[in-house]
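Structure, as structure tokens:
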Amino acid sequence: MFRDVTRVLTTGLLALALTAPAARAEVESKDPIKLTLHDWTGQLITTRLMGETLKKAGYNVEYVQADYLAQFAGMKTGDLHVAMEVWATTAKEALDAAIAEGGVVNVGETGMQAIEDWWFPDYMKEKCPGLPDWEALKGCAEVFSIPETAPKGRYLGGPVTWGGYDEERVQALGLDFEVVHAGTDAAMFAELQSAYERKAPILLWIYAPHWAPIKYKGEWVKFPPYEKACYEDPAWGVNKEAKYDCAKPRGPIYKAAWTGVAKKWPGAYKAIEAYQFTNEEIGELAAKVDLNGEKVEAVVDDWMAKNEPRWKKWLGM
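Quick note, the sequence shown lines up with residues -25 to -1, 1 to 292 if you use mature numbering (1 follows the signal peptide of the UniProt record, and there is no 0).
See the structure below:
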């Protein structure tokens, strides 16, 4: 009888062992995987979501503040390892150049789609008839002025590290505007909120995924549609002597990495490949930080606690 019970238990345990998913192997290297942090809330959240997921698998993760465009130089040498948000709208050329030079790889799309361009609140249509057509700005630049730029209008651009060719666009399209760059992502949206509440004039860089185009009623300026030739050939477009006389491009948000990541931390690389989010999800998480005053770390920890099956799937667990 005892032998029969033992045999049943042994057989059952063996069957369980054969059918249960294999435990994750020891991480391939204890060296830190360096993920880059930039200067907008959504990116901080995206990066920490990936970093904290890798930590759950036992990887050593280090967050490194890095310039959005200059980060590729660090990835080419292996001093930086992973960038979780590379927007086709502002950094695709830099990413492609880094890949061509060697040392950097495109790890695929995040699932988010990028749009970023000049945006105005709906109430500005009364003060600048003809909007959202960009040509309306030629006749009402002063409406958007502030004391520091008058009589020129002010366009509040993102932090200078974001790129975007706004100064070139102003010149190419003959707009009587001065580009003033916000110091930070948070400062830019704080100014939007203040202006919106007062119905004060404002024209600024708004992007999605983000909570702003959901919370505030407004539109993106309709510039001539983007084509690759607009950024490369002066003869293209309304100004035959200048590039950038069009809207900014739209497209996917990519993940990028040092080519050595796949060899040194193959498990982590697969998790980075698997990572997916939507515009709406990141927008909602960013709102918790920017609007509710929660800490990025707390928002990420809460998401991790509530979405264990999802991040475990990225890890293949």
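We treat Cβ as the ideally placed atom computed from N, Cα and C, and that holds for glycine.
Given the structure is predicted, the values throughout are model-derived calculations rather than measurements.
Going by C-alpha positions, D208 is about 31 Å away from W233.
Among the bridge pairs identified by DSSP, I181 is matched with D92.
Restricting attention to P134, C221, C205, L131, the CA atom closest to the CA of D108 is found in C221.
The beta-bridge partner set that DSSP reports for K197 consists of D108. In this structure, DSSP gives P209 a state outside helix and strand, which the three-state scheme calls coil. For V155, the closest alpha carbon among the candidates W186, A147, S120 is that of S120. As DSSP reads the structure, E153 sits in a beta bridge with R129. Residue pairing by DSSP places Q146 in no beta bridge whatsoever. Around the beta carbon of G128, 16 or more other beta carbons sit within 10 angstroms, so the residue counts as buried.
Secondary structure note for P284: its alpha helix (DSSP H) is the uninterrupted segment 283 to 289. According to the DSSP assignment, E202 belongs to no beta strand (DSSP E), since it is labelled neither H nor E.
A direct Cα-to-Cα measurement between L24 and M279 gives close to 8 Å. It is roughly 29 Å from the alpha-carbon of G291 to the alpha-carbon of H185.
Taking a contact to require three or more Cβ pairs closer than 8 Å, the stretch 51 to 65 and the stretch 25 to 42 qualify as touching. Between K230 and G83 the beta-carbon gap is near 6 Å, inside 8 Å, which marks them as a contact. A116 is the residue among P122, L167, A116 whose C-alpha sits nearest the C-alpha of G149.
According to DSSP, residue pairing for V79 in a beta bridge involves W233. Look at the beta carbons and you see the stretch 97 to 108 touching the stretch 171 to 179: at least three pairs across the two are nearer than 8 Å. DSSP, read as helix, strand or coil, puts I8 in strand.
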